[in-house]
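What follows is a set of notes on a single structure, which appears directly below.
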Amino acid sequence: MPSCPELELIDGFFDAAESARLYQQLLHGQDWPDNRYIVAGRQFILPRLQTWHADPGIRYSYSNNLLETRPWTPLLSEIRARVESYLNFQFNSVLVNLYRNGEDYVGWHSDNEPELGGQPLIASLSLGEERPLQFRHKQSSDFGQVLLRSGSLLVMQPDFQHLWLHSVPIDPNVTVGRINLTFRKVISVSKGFFG
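Counted the way the working numbering counts, the sequence shown spans residues 2 to 196.
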């Protein structure tokens, strides 16, 4: 596995009991939208469920407003405060993904949309079943992965989005769920496109 100084993994950011509590509260407390949507008359199925939460006035959407901007819930605000305090950095939005089992995934992408500014710092909290995050260099053949355990916080330094693509691949052996929260700071409020 190549060295990737643009990634920092903090295992046990939330302990096992806290992680289990947060996972169950999010799983049953989030109003998960349908993952089928229509763009230009064609129906698509998002291979996971997700919600988008942001501060007032922050608008960031894709595929003709596939994601409705929702306010922060008390639980998400609690988690945000803990992450911000640890990183000494303020976020104004979070994308909450539910991978219901190993058939849910996210394909290769970088979170490098203009709305995130030129140097996006992203913090990714994992809860529930562990899944690998794979990454591959955009210019070389370097490839690696990091195992995201429940309660772990993955910090993606700004250059990670410039240099690497990343994904959470399908794993048919996984039969239980994982929830991932990616905290972001939107710089521009125009419409964007992200995966």
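Where a beta carbon is used, it is the ideal one built from N, C-alpha and C, also for glycine.
Taking only the alpha-carbon atoms, compute the straight-line gap between residue i and residue j and give it to the nearest angstrom.
i: Ser127; j: Phe45; result: 26 angstroms
i: Val177; j: Asn102; result: 5 angstroms
i: Val156; j: Val97; result: 16 angstroms
i: Glu85; j: Gln135; result: 25 angstroms
i: Asn89; j: Asp35; result: 35 angstroms
i: Pro75; j: Gln158; result: 27 angstroms
i: Ala17; j: Gly152; result: 7 angstroms
i: Ser141; j: His110; result: 16 angstroms
i: Arg43; j: Arg37; result: 10 angstroms
i: Leu154; j: Arg137; result: 20 angstroms
i: Phe92; j: Arg185; result: 5 angstroms
i: Asn65; j: Val187; result: Note on Asn65: pLDDT 43, under 50, position unreliable in the model; no value is reported.
i: Glu114; j: Tyr100; result: 23 angstroms
i: Gln146; j: Pro133; result: 6 angstroms
i: Gly58; j: Ser94; result: 11 angstroms
i: Arg150; j: Gly119; result: 29 angstroms
i: Cys5; j: Trp73; result: 32 angstroms
i: Asp56; j: Glu116; result: 14 angstroms
i: Gln51; j: Glu104; result: 15 angstroms
i: Leu143; j: Ile11; result: Note that residue 143 is Asp in the sequence shown, not Leu. C-alpha separation (whole angstroms): 23 angstroms.
DSSP three-state call for residue i: helix, strand or coil?
i: Phe194; result: Unreliable positioning characterises Phe194 in this predicted model, as indicated by a pLDDT of 40, which lies under 50. The coordinate reading is nonetheless provided below. Looking at Phe194 - three-state DSSP - the assignment turns out to be coil, as it is neither helix nor strand.
i: Leu134; result: strand
i: Ala1; result: This structure leaves residue 1 out entirely; the chain is present only between 2 and 196.
i: Glu7; result: coil
i: Arg60; result: coil
i: Tyr87; result: helix
i: Ile180; result: strand
i: Arg22; result: helix
i: Gly152; result: coil
i: Leu122; result: coil
i: Phe15; result: coil
i: Gln162; result: helix
i: Gly103; result: coil
i: Asn65; result: Bear in mind that a pLDDT of 43 at Asn65, under 50, signals an unreliable position, so the number given afterwards is only what the model happens to contain. Asn65: coil per DSSP, three-state reduction.
Any heavy atom of the ligand COA closer than 7 angstroms to the Cβ of residue i?
i: Pro133; result: This structure does not include the ligand COA; it has no bound ligands of any sort.
My understanding is that residue i touches residue j, with C-beta atoms under 8 angstroms, so please give their C-beta distance in whole angstroms.
i: Thr70; j: Arg81; result: Not confirmed; about 15 angstroms, so no contact.
i: Leu122; j: Lys139; result: Wrong, their Cβ atoms sit about 19 angstroms apart, outside the cutoff.
i: Leu148; j: Glu130; result: With a Cβ gap of about 11 angstroms, Leu148 and Glu130 do not count as contacting.
i: Glu7; j: Asp112; result: Going by Cβ atoms, the distance from Glu7 to Asp112 rounds to 12 angstroms, so no, they are not a contact pair.
i: Leu23; j: His54; result: At roughly 15 angstroms, the Cβ-Cβ gap does not stay under 8 angstroms, so Leu23 and His54 are not in contact.
Starting from residue i, follow its DSSP beta bridges and name the residues at the other end.
i: Thr52; result: Val97
i: Ile39; result: Gln44
i: Leu128; result: Ile180
i: Gly145; result: Phe136
i: Val169; result: Val107
i: Thr70; result: Trp53
(request) For the segment 160-176 and the segment 28-47, state whether three or more C-beta atom pairs, one from each stretch, are separated by less than 8 angstroms. (result) no
(request) Mind the definition here: the segment 16-29 touches the segment 177-186 only if three or more C-beta pairs lie below 8 angstroms; say whether that holds. (result) yes
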